[in-house]
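Peer 1:
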Amino acid sequence: MKKIYDVIVIGGGPAGSTAATNLARKGHQVLVLEKEQFPREHVGESLLPFCYHILEDLGVLPEMIARFSRKPGVTFSNLEGTSASHWCFRHEIKDASFLSFHVRRAHFDQLLLENSRKHGAEVLEQTKVVHVDLEATMAPVKVTAEDHLGQTHEYFARFLVDASGQGTFMAKQMNCKLPFDSLRPRLALSTHWKNATLSPDLAAGHIKIVHLEGDQKAGWIWMIPLSEDRLSVGLAVNMEFSNQERRRLANQEEDWQTTLYESELLQTPVVRQVLAGAERWAPVVANGDFSYYAKNKKGSNFAIIGDASAFLDPIFSSGIYLAMKGALLVTDGIDAQLHTGTTDTLEKAYTDIAGAYKLVEKLINTYYDPNYIRWDMADKLPVDGYEKYETAFSLVHLVLAGDFFTNYERYLEAVEVFRNPERLQQFKHLVGSSKINTTVVCADY
Ligand SMILES: Cc1cc2nc3c(=O)[nH]c(=O)nc-3n(C[C@H](O)[C@H](O)[C@H](O)COP(=O)(O)OP(=O)(O)OC[C@H]3O[C@@H](n4cnc5c(N)ncnc54)[C@H](O)[C@@H]3O)c2cc1C
1 MKKIYDVIVI GGGPAGSTAA TNLARKGHQV LVLEKEQFPR EHVGESLLPF
51 CYHILEDLGV LPEMIARFSR KPGVTFSNLE GTSASHWCFR HEIKDASFLS
101 FHVRRAHFDQ LLLENSRKHG AEVLEQTKVV HVDLEATMAP VKVTAEDHLG
151 QTHEYFARFL VDASGQGTFM AKQMNCKLPF DSLRPRLALS THWKNATLSP
201 DLAAGHIKIV HLEGDQKAGW IWMIPLSEDR LSVGLAVNME FSNQERRRLA
251 NQEEDWQTTL YESELLQTPV VRQVLAGAER WAPVVANGDF SYYAKNKKGS
301 NFAIIGDASA FLDPIFSSGI YLAMKGALLV TDGIDAQLHT GTTDTLEKAY
351 TDIAGAYKLV EKLINTYYDP NYIRWDMADK LPVDGYEKYE TAFSLVHLVL
401 AGDFFTNYER YLEAVEVFRN PERLQQFKHL VGSSKINTTV VCADY
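For the sequence shown, this note's numbering begins at 1 and goes up steadily by one.
(1) Which residue comes first and which comes last in the beta strand (DSSP E) that contains G402?
(2) Should C442 be labelled buried (16 or more other beta-carbon atoms within 10 Å of its own) or exposed?
(3) Smallest Cα separation from S199: which of S190, Q273, A157, G234?
(4) Can you round the beta-carbon distance between E245 and L260 to whole angstroms, since I take them to be within the 8 Å contact cut?
(5) Between the Cα of K177 and the Cα atoms of A282, E122, D289, V130, which residue gives the shortest distance?
(6) Pick from N243, K142, R67, H192: whose alpha carbon is nearest that of L275?
(7) Let me know the secondary structure DSSP gives C88 once reduced to three states.
(8) Any heavy atom of ligand 1 within a distance shorter than 7 Å of the CB on V43?
(9) Could I get the ranges of all uninterrupted alpha helix (DSSP H) runs contained in the segment 148-231, with 4 residues as the minimum, in chain order?
(10) Note down, in chain order, each residue of its chain lying with its Cβ closer than 8 Å to the Cβ of V60, except the 5 sequence neighbours on either side.
(11) Would you kindly check if the distance between the Cβ of V233 and the Cβ of S190 is under 8 Å?
(12) In angstroms, rounded to a whole number, what distance separates the CA positions of E135 and V330?
(13) Counting along the chain, where does the alpha helix (DSSP H) carrying K128 start and finish?
(14) Whether or not the segment 48-57 and the segment 120-133 are in contact is what I'm after, with contact meaning three or more pairs of Cβ atoms, one per stretch, closer than 8 Å; do they touch?
(15) I'd like to know if the segment 84-96 and the segment 395-403 are in contact, where contact means that at least 3 CB-CB pairs between them fall below 8 Å.
(16) Under the criterion of a Cβ to heavy atom distance below 7 Å, does L33 qualify as lining ligand 1?
(17) Quick test of the definition: if touching needs 3 or more C-beta pairs under 8 Å, does the segment 61-81 touch the segment 25-44?
(18) Pull up the CB-CB distance for Y5 and F180, whole angstroms please, since I reckon it's below 8 Å.
(19) Please state if the CB of I224 and the CB of V210 are separated by a distance shorter than 8 Å.
(20) Closest to A84 by C-alpha separation, out of M377, V399, C51, D403, would be which residue?
(21) Do you know offhand how far A203's Cα is from L231's?
(22) Which of helix, strand or coil does DSSP assign to A250?
(23) Is any heavy atom in ligand 1 found nearer than 7 Å to the beta carbon of D307?
(24) DSSP state of A414, grouped into three classes?
(25) Mind checking whether the beta-carbon of E36 lies closer than 7 Å to any heavy atom of ligand 1?
What follows is the structure in structure tokens.
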């Protein structure tokens with residue numbers, strides 16, 4: 001007789017493993033199908049402070065603290081490093097969660113997936129989902145997958161969760177994957193470096209985002225201190241610009257992506273200084289064509305979460321938090337639906353997720369739109385006195401920390417202050433006043 005799981009989850013990344021753990025601990029029979037053998041490398045290494053309490057709730061916080069580097073803030077810098085703003089989460093977050101993490105994804109994702117197993121989920125690695133049949137009425141969802149020997153297996157469940165990341169399994173199968181209109185397609189090139197000379201902000205654990213000037217590239221470079229001897233450095237540029245560079249560099253010996261990556265890093269003084277004398281740990285990896293969403297994110301017996309449901313430009317390091325928080329909200333909804341048949345919790349989950357993505361999308365647009373104040377200049381606003389506007393800045397701190405899901409409406413307005421500094425005062429009443437100093441690195445934690 002065929003086994004019928006309560007839920008099958010496609011993909012064992014942060015969204016899939018969070019979903020599996022949450023459902024398994026609520027007593028559901030869960031099967032995770034993951035096409036890779038973990039540990040596997042993955043881009044996306046800097047966590048927002050709002051992940052902290054989720055990691056605590058999942059029971060992995062002690063291991064996180066033991067294994068990963070800490071992140072007290074964010075620095076936005078110009079090319080030369082002559083203009084920079086430093087955002088310290090400690091100014092607004094008063095409990096231990098202000099101190100976030102940078103992670104090697106191979107280790108982080110494995111920790112979360114093992115945690116799902118510990119909570120009772122069944123996990124099959126090297127098992128790639130190739131087809132899903134949701135249609136059969138009065139019957140469970142049928143999932144067809146191939147194992148590493150190429151053999152085909154069928155699995156059945158009452159409900160399907162698609163957490164296949166950029167693989168976007170269900171969006172592709174349903175032909176409903178669309179680009180975000182407001183965001184241009186981009187390419188990211190990245191790898192890890194050893195023997196880098198860390199600037200004080202990087203040494204203090206900040207992620208550093210360097211603005212590449214000009215509309216043609218409309219890009220940025222990230223530097224993430226993963227450990228004493230491992231710095232992740234990535235370049236994100238417009239797809240049109242990278243296509244031009246591909247054609248220009250077509251006839252040279254080294255692959256064009258590595259040449260483009262290295263030449264952009266070398267042309268950027270603030271990065272060049274850090275990488276003088278450093279060597280790459282591994283070849284350059286490309287991630288392209290990000291920023292899309294699945295038009296249909298749920299149905300009576302399926303739900304799409306994490307990057308499989310939508311992906312926004314990663315400039316604000318929002319992806320993992322959106323994926324994990326979204327996974328918790330949606331699986332609470334699935335739990336309610338499987339137990340009582342009610343769909344209110346699931347509906348509310350997707351309303352809040354839509355609000356969170358809208359806020360992050362708007363934040364991303366402030367970075368690229370030349371009409372907004374540049375983030376590296378944020379503490380040099382043409383207004384009389386920074387402290388006068390500290391309440392609006394405290395809101396922006398919270399948005400940078402990940403407060404996307406509960407207050408998105410008012411934050412949507414607060415982000416507008418980056419277009420018009422005179423509006424800062426309007427936000428004074430929204431939260432209590434706090435001391436903010438964005439001119440120093442957040443080293444004293
Ligand atoms: C350039 C770049 C930089 C980024 N930087 C950051 C950052 O600093 N901070 C941050 O928070 N986020 C960042 N992100 C985003 C972050 O990587 C993602 O949001 C996060 O990984 C989403 O988790 P997920 O579980 O939805 O997807 P994933 O982590 O991609 O997991 C999906 C899993 O599904 C599996 N899978 C796919 N198809 C199938 C199939 N058919 N069958 C079985 N398994 C399947 C995959 O093997 C994978 O393990 C970045 C992203 C990019 C592209």
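Note that beta-carbon positions come from the ideal geometry of N, C-alpha and C, so glycine has one too. Computed from a prediction, not measured in an experiment: that's the story for all the values here.
Peer 2: Walking through what the data contain:
(1) Per DSSP, G402 belongs to no beta strand (DSSP E) and is neither H nor E.
(2) buried
(3) Q273
(4) 5 Å
(5) If we check each option's Cα against that of K177, D289 comes out closest.
(6) H192
(7) strand
(8) For ligand 1, at least one heavy atom lies less than 7 Å from the Cβ of V43.
(9) 169-173, 200-203
(10) L111, L112, N115
(11) yes
(12) Cα atoms of E135 and V330: separation of roughly 21 Å, rounded to the nearest angstrom.
(13) Where K128 is concerned, there is no enclosing alpha helix (DSSP H), although the beta strand (DSSP E) it sits in stretches over 128-133.
(14) no
(15) yes
(16) yes
(17) no
(18) About 34 Å; that fails the 8 Å criterion.
(19) no
(20) M377
(21) 10 Å
(22) coil
(23) yes
(24) helix
(25) yes
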